[in-house]
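Here my numbering runs 506 ahead of the position in the sequence shown, where the first position is 1. One structure is given below, encoded as structure tokens.
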Amino acid sequence: MPRTITISLPVTDLEASKAFYTAIGFVLNPQFTDESAAFMVWSESISLMLLTHEKWRTLTSRPIPPKTSSGFGLTLSCDSREEVDAMNKSASENGGIADINPIEEYAFMYGRDFADPDGHIWGAKWIDMSQFDMSK
């Protein structure tokens, strides 16, 4: 069985979060989706489980951090600088906040960070792997 990662995130408004993540490129998997949770797929190995606050509280008694906190950041790989820009724009047009950090621009990498409607931090990054010697 291939190793995968599913990131569970508490969300305030499940429908708005589903729309947000669909807009930035995730695909809803209805098989594991109901009124309290939505399973969103990025790739064959990376997925999100969006959970209402009520559902989240059935899994843990730990507090849900406020939108203004940043306990972690998640990064999504993009195929081009244009895709990074498009994801950042889609984030801002669908309830998120674009460019929450300075744009990262180097000869080998381009990245822009945004927050989802609940304040979870995401980075869209393009890396030109041809700039690296992979034989080492």
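Beta carbons: idealized from backbone N, C-alpha and C, even for Gly.
Leaving out five residues on either side along the sequence, give the residues of the same chain with a beta carbon under 6 angstroms from the beta carbon of residue i.
| i | result |
| --- | --- |
| Leu582 | Ala630 |
| Thr646 | Within the shown structure, residues of the chain are numbered from 507 to 642, placing residue 646 beyond reach of any answer. |
| Ala604 | Asn594, Ala597, Ser598 and Phe620 |
Kindly list the residues whose CB is nearer than 8 angstroms to the CB of residue i, restricted to its own chain and excluding five residues on each side of it in sequence; keep chain order.
| i | result |
| --- | --- |
| His626 | Leu515 and Leu580 |
| Gln537 | Phe545 |
Nearest to residue i by CA position, among the options, is which residue?
| i | options | result |
| --- | --- | --- |
| Asp634 | Phe614, Trp628 and Asp619 | Phe614 |
| Thr539 | Arg563, Glu521, Glu550 and Ser549 | Glu521 |
| Tyr616 | Val547, Leu554, Asp639 and Glu588 | Glu588 |
| Thr528 | Asp639, Ser586, Glu611 and Ser596 | Ser596 |
| Arg563 | Asp591, Ile511, Val517 and Ile606 | Val517 |
| Ser598 | Asp624, Ser553, Ser576 and Tyr612 | Asp624 |
| Lys524 | Asp639, Ser641 and Asp622 | Asp622 |
| Trp548 | Phe532, Glu560 and Gln537 | Phe532 |
Under DSSP, the alpha helix (DSSP H) around residue i begins and ends at which residues?
| i | result |
| --- | --- |
| Met635 | Counting along the chain, Met635 falls outside any alpha helix (DSSP H), and DSSP gives it neither H nor E. |
Inspect the beta-carbon positions of residue i and residue j and report whether they are closer than 9 angstroms.
| i | j | result |
| --- | --- | --- |
| Arg509 | Ser542 | no |
| Phe578 | Gly602 | no |
| Met546 | Leu565 | no |
| Ile606 | Met555 | no |
| Ile511 | Met593 | no |
In its own chain, which residues sit with a C-beta less than 7 angstroms from the C-beta of residue i, not counting the 5 before and 5 after it?
| i | result |
| --- | --- |
| Cys584 | Val590, Met593, Ala630, Lys631 and Trp632 |
| Pro571 | Gly577 |
**Asked** Can you give, in chain order, each stretch of the alpha helix (DSSP H) that sits fully within the stretch 509-538 and has at least 4 residues?
**Response** DSSP runs (the alpha helix (DSSP H)) wholly in the stretch 509-538: 520-529.
**Item:** Unbroken stretches of the beta strand (DSSP E), 3 residues or longer, contained in the stretch 588-629
**Value:** Counting whole runs of 3 or more residues, the stretch 588-629 contains the beta strand (DSSP E) stretches 615-621.
**Request:** Pick out the complete alpha helix (DSSP H) segments inside the stretch 539-579, 4 residues or longer, and give them in chain order.
**Result:** Counting only runs of 4 or more, we get 559-565.
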